Each structure stands twice: as structure tokens, then as C-alpha cells.
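Enquirer:
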Amino acid sequence: MLEVLATIREGIPELFPGAMGFEIVPDTLLNDIPEWDSMTSVNFKVFLEETFGITIPDDLLEGGSTIGEVIAFIRRSD
Amino acid sequence: MPNEQLTHFPPSSIKLIAEKTGILSRRVASDAECTSDLAIQAAHRCLQKVNFPAGRIQAIVLSTSSPDRMQPATATRVQHKLGAVNAFAFDINSVCSGSTFGICMADALIKSGKFENVLFIASEMYSKILYKKDFCTFPLFGDGAGAILFQAGNSDRGVCHSCLRTDGSSGDAICVPGGGTMLPFEKMTRPRMAYFKMNGTAVFEFAADKGTEIVLQLLKEAGAALEEIDWFISHQANINIIETIASRLGVPKEKFVVNLNRYANTASASVLVALDEAISGNMIREGDLVVTSAFGGGLSWGANLIRI
Numbered sequence: 000m001l002e003v004l005a006t007i008r009e010g011i012p013e014l015f016p017g018a019m020g021f022e023i024v025p026d027t028l029l030n031d032i033p034e035w036d037s038m039t040s041v042n043f044k045v046f047l048e049e050t051f052g053i054t055i056p057d058d059l060l061e062g063g064s065t066i067g068e069v070i071a072f073i074r075r076s077d
Numbered sequence: 000m001p002n003e004q005l006t007h008f009p010p011s012s013i014k015l016i017a018e019k020t021g022i023l024s025r026r027v028a029s030d031a032e033c034t035s036d037l038a039i040q041a042a043h044r045c046l047q048k049v050n051f052p053a054g055r056i057q058a059i060v061l062s063t064s065s066p067d068r069m070q071p072a073t074a075t076r077v078q079h080k081l082g083a084v085n086a087f088a089f090d091i092n093s094v095c096s097g098s099t100f101g102i103c104m105a106d107a108l109i110k111s112g113k114f115e116n117v118l119f120i121a122s123e124m125y126s127k128i129l130y131k132k133d134f135c136t137f138p139l140f141g142d143g144a145g146a147i148l149f150q151a152g153n154s155d156r157g158v159c160h161s162c163l164r165t166d167g168s169s170g171d172a173i174c175v176p177g178g179g180t181m182l183p184f185e186k187m188t189r190p191r192m193a194y195f196k197m198n199g200t201a202v203f204e205f206a207a208d209k210g211t212e213i214v215l216q217l218l219k220e221a222g223a224a225l226e227e228i229d230w231f232i233s234h235q236a237n238i239n240i241i242e243t244i245a246s247r248l249g250v251p252k253e254k255f256v257v258n259l260n261r262y263a264n265t266a267s268a269s270v271l272v273a274l275d276e277a278i279s280g281n282m283i284r285e286g287d288l289v290v291t292s293a294f295g296g297g298l299s300w301g302a303n304l305i306r307i
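Top line first, the protein sequences correspond to chains A and B. Residue numbers for the first sequence follow numbering that gives the first Met the number 0, so the first one is 0 and each next one is one higher. Residue numbers for the second sequence follow numbering that gives the first Met the number 0, so the first one is 0 and each next one is one higher.
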């Protein structure tokens, strides 16, 4: 879990420049990430799919999910 | 290149491009071309239309935020390839506002009384400065160029007034972070730093606010009324921005020239490309009063009142 979280934390500032310094924790709602919207969420999806080699379902990234739920999905797909 | 050919993005995301921006397609230059090549084509066509020999051009002002190289000025290659041997040439970079800034600069050179003619060109090739995997920028831009020949004369045709503004406090909202002296190549930690980036949400609000404000300011300073304006050409970035500006001005959106659906955002070239299409298609006619306006990196924004 911590390893996946660390990878996401590393990628977030480049995908969401406005999130520089924003603390990402498992309870963070995707909607609360600065600059999160339907366009930036596509970049997040591409980042996750390329980094972890999996397919992320669109509904997981609709904003109401938490980082923890995304991490759980990635770990289940391992 | 239509949206459907952007196959390196998830298929489910493609419909978002049209929904969020109105963009359906864009032009993409070949690998072998650079920004000056588009500028030269636009300049040639402009000079041919008025049968003006390149050797008579006194000055070339080139607006670009995607230059051939960091130096020398892209305009100098354009001058050479055009055979404009009697001209001096230089670049200006006001990012997407470059059309309005360049129109003002070219007009000012003429009005200074020192020059009989000035060729203003806006040319952009964003396909080569965008990070191809960035969904927030790559689908939104296209390559393009336009040109206007300014000549001294006594007619009432030409630029009536210009209004330009900048606010450097938000310079990071639209930028290419690396490759300059602030972040030299050897200090870049990720390749992405060499590419264009934009905070879309912040830019939308800025564009809608300033894109409206500058038109009102322009008309106030020029002593003109909104009702007198035949056509509005706003920077072709996003149909939702244009419709917001039209609504806030209380002007029917049909009075706004729109071609971003076919060319996407061609940065500083967008206003010139739209102006040329509208004139060529007999939408805008001689004698019409036109407001051009643009907004972009810097942040910068500007507008011109032009009698065609």
C-alpha cells in the first residue's frame, strides 16, 4: 500500500501542478486534488495504467473515489 | 487530424475534447517543417493577394511562442526565404495574445511615420512543444499561421485603436518551464519540463473575465459602441470561452467568428487565421468594423478595433 501511495504522490505534482505541496493520503477524495477535473483525470488514468500496467475503470476516477480506493484496486489487479 | 485519430488517449476520453472545447479537428505540420515554414507560406499568400513584391517590405514582425530555435529570431529565416532583402525582421512573444500585440506593434511602426509598410505574421507550431501524453494540452492545439500587410495611407481603413494588458504575477499558469535561463536543460529533472503546460481551470476564468473586460475597455477608449461592431474575432481557444464572452457583452454569438472546431487553438495565429477565412469567405467585407481580441500566457490580453 505504502509503495503504491508513494508512486502516486510522486506523480501527482507533475499531473496537477497546482497540487504541489498538497498532502495526498488514503482518505483524500480525488475531487479534492487541486485542478482535478474530467480532463486532468484522463492524465491520472494514463499515468496509473502506464505505471502499474493495468486498466483502470472510468467510474473509479469519477471524483467521488478516494486515493485509498484507487490503491486497493491497483493492489487487487496485481 | 480529427479527434478520433488521437488514439494514444483512452477511447472513452475522446468525446470530452469536443464537449469541453468545441474542437473537432486540428492541423498538424509534418516532422520536417518548422514554425518559419508556416510563416513563409502565410506571408507568400498575403503578398500574392495584393501583388506586393517581397523586396519592398521594410519590416517584418513575427509573433510566435513556438519559435524555430531559442535564437536567432525566427523572423530572420522568414525574411531570408521570402527574399525580403530590404527588411529588418524580429520576433515578439506574447503567447496567444501575440496577434493583438503584433497588430498594435505593426500599426505603431506605420504610425511612427518611419515606415511605409510592415508585414506582420503570426505563426505557431505547438505540435512540437506539447507533451504528447498530456490530455489537458495536446488535443487542444493545432499548427497554423496568418499574415497581414500594413501600409501607410490616408484611408480610414486599418487599426483605429488597440488596448494591451499584461499581469506577470500569474506567469506560471501558462508556460514552458524548462529550457530557458530559469531552468536550463541540465537542471531539468523530468523531460516533461521542456514542454508546454497550462492550468486549464484558472486560464478559463482568466480568459472569460479579461476577454470581456478588454473589449469594453477598447471600445470605451475608442469612443465606439458595441452596436457599431460588425464582427468580433476572439482568440480561438475554446467555444465555451467565446460564448461566455459573447453572453457577458450582450452580443449575439453569431457575431463572433468561430473556426476553432476545425483548427483548434493555434495560439497567436488564431485571430489572423479566422480573420483571413472570414474575409475570404465574404463574411467580413470592406468597411466592416471588427474587434479582434486575445488572451494567453504572461498572462497577457489585448484587443484591436479595425476598419477592414
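In this text, a Cβ means the ideal position worked out from N, Cα and C, and glycines have one as well. These numbers come from a predicted model, not from an experiment.
Measure from the C-beta of B/P190 to each C-beta in chain A and report whether the shortest distance is under 8 Å.
Expert: No, B/P190 lies away from the interface with chain A (no Cβ there is under 8 Å from its Cβ).
Enquirer: In the DSSP output, what is B/N85 paired with across the bridge?
Expert: None; B/N85 has no bridge partner.
Enquirer: Checking 8 Å against the spacing of the C-beta atoms, do B/I128 and B/S65 come in under that value?
Expert: Yes, Cβ-Cβ distance for B/I128 and B/S65 is below 8 Å.
Enquirer: Just to confirm, are B/G170 and B/A193 a CB contact at a threshold of 8 Å?
Expert: Taking 8 Å as the Cβ cut-off, B/G170 and B/A193 do not qualify as a contacting pair.
Enquirer: DSSP has B/E123 in a bridge; who is on the other side?
Expert: DSSP lists B/G143 as partners of B/E123.
Enquirer: Less than 8 Å between the CB atoms is what I'm expecting for A/E2 and A/F15, so what's the real figure, rounded?
Expert: With 8 Å as the limit, A/E2 and A/F15 do not qualify as a contact, their Cβ atoms being about 21 Å apart.
Enquirer: A/T6 CB to nearest chain B CB: under 8 Å?
Expert: No, no contact with chain B.
Enquirer: Let me see if you follow: with CB-CB separation under 8 Å, is B/D166 close to chain A or not?
Expert: No, because no Cβ of chain A sits closer than 8 Å to the Cβ of B/D166.
Enquirer: Return the first residue and the last residue of the alpha helix (DSSP H) that B/T315 is part of.
Expert: Nothing can be reported for residue 315 of chain B: it is not among the residues displayed for chain B, which extend from 0 to 307.
Enquirer: A/D58 CB to nearest chain B CB: under 8 Å?
Expert: Not closer than 8 Å to any Cβ of chain B, the Cβ of A/D58 fails to qualify, so no.
Enquirer: Is the separation between the beta-carbon of A/G67 and that of A/D26 shorter than 8 Å?
Expert: Closer than 8 Å, so yes.
Enquirer: In whole angstroms, what separates the C-alpha of B/M187 from that of B/K196?
Expert: Using only the alpha carbons, I get a separation of about 15 Å.
Enquirer: What is the rounded straight-line gap between the Cα of B/A121 and the Cα of A/T65?
Expert: Approximately 45 Å, taken between the alpha carbons.
Enquirer: How big is the Cα-Cα spacing for B/V175 and B/S126?
Expert: So the alpha carbons of these two residues sit roughly 13 Å apart.
Enquirer: From B/A72, B/S161, B/N303, B/Q4, pick the residue whose C-alpha is nearest to that of B/K131; which is it?
Expert: Residue B/Q4 is the option with its Cα nearest to B/K131.
Enquirer: If you draw a straight line from the alpha carbon of A/E61 to that of A/S40, how long is it in whole angstroms?
Expert: Roughly 8 Å separates the two Cα atoms.
Enquirer: Between B/L163 and the rest of its own chain, which residues show a CB-CB distance below 7 Å, the 5 nearest in sequence each way excluded?
Expert: Answer for B/L163: T99, F100, C103, G301, listed in chain order.
Enquirer: By DSSP, does B/S292 sit in helix, in strand, or in coil?
Expert: The answer is strand: DSSP assigns B/S292 an E or B state.
Enquirer: Residues in the same chain with beta-carbon distance under 6 Å from A/I53, minus the five sequence neighbours each way, listed in chain order, please.
Expert: Result list for A/I53: S76, in chain order.
Enquirer: Which residues of the region 17–40 of chain A have a Cβ closer than 7 Å to any Cβ of chain B? Give them in chain order.
Expert: Residues passing the 7 Å Cβ filter: G17, E34, D36, S37, M38, T39.
Enquirer: Would you say B/G297 reaches chain A, if we count a Cβ-Cβ gap shorter than 8 Å as a contact?
Expert: No, no contact with chain A.
Enquirer: If you draw a straight line from the alpha carbon of B/P308 to that of B/L304, how long is it in whole angstroms?
Expert: Outside the shown range of chain B, which is 0 to 307, sits residue 308 of chain B, and nothing can be said about it.
Enquirer: Given a threshold of 16 other Cβ atoms within 10 Å of its Cβ, counted over all protein chains shown, does A/F43 qualify as buried or as exposed?
Expert: A/F43 is buried by the Cβ-count criterion.
Enquirer: Do the region 268–276 of chain B and the region 230–237 of chain B meet, that is, are 3 or more Cβ pairs less than 8 Å apart?
Expert: Yes, they touch.
Enquirer: Which value, in whole angstroms, describes the spacing of the CA atoms of B/V94 and B/A266?
Expert: Taking the straight line joining both Cα atoms gives about 7 Å.
Enquirer: How far does the beta strand (DSSP E) with B/V214 in it reach, from first residue to last?
Expert: Counting along the chain, B/V214 falls outside any beta strand (DSSP E), though it belongs to the alpha helix (DSSP H) covering 199–221.
Enquirer: Taking 8 Å as the threshold, find out whether the region 24–44 of chain B comes into contact with the region 141–149 of chain B through three or more Cβ pairs.
Expert: With a cut-off of 8 Å, the region 141–149 of chain B and the region 24–44 of chain B count as touching, because enough Cβ pairs lie within range.
Enquirer: Output needed for A/G17: all residues of its chain with C-beta closer than 6 Å, excluding positions within five of it in sequence on either side, in chain order.
Expert: For A/G17, where only same-chain residues beyond five positions count, the Cβ hits under 6 Å are P33, E34.
Enquirer: Run down chain B in chain order and give the residues with a C-beta less than 7 Å from the C-beta of A/E13.
Expert: R189, R191, listed in chain order.
Enquirer: DSSP on A/I32, reduced to helix/strand/coil?
Expert: In the structure shown, A/I32 sits in coil (DSSP, three-state: anything other than H, G, I, E or B).
Enquirer: If you compare alpha carbons, which of B/K113, B/A277, B/D133 is closest to B/D229?
Expert: If we check each option's Cα against that of B/D229, B/A277 comes out closest.
Enquirer: State yes or no: is the beta carbon of B/K186 nearer than 8 Å to at least one beta carbon in chain A?
Expert: Closer than 8 Å: no.
Enquirer: Can you name the residues of chain A whose CB is closer than 7 Å to the CB of B/N196?
Expert: Note on residue identity: the sequence assigns Lys, not Asn, to residue 196 of chain B. Near B/K196 (Cβ distances below 7 Å), the residues of chain A are P16.
Enquirer: Just to confirm, are B/L61 and B/A41 a CB contact at a threshold of 8 Å?
Expert: No. Outside cutoff.
Enquirer: Out of B/G157, B/A107, B/M124, which one is the CA nearest neighbour of B/G286?
Expert: The option with the nearest alpha carbon to B/G286 is B/G157.
Enquirer: Under a three-way DSSP split, which group does B/N281 fall into?
Expert: B/N281: coil per DSSP, three-state reduction.
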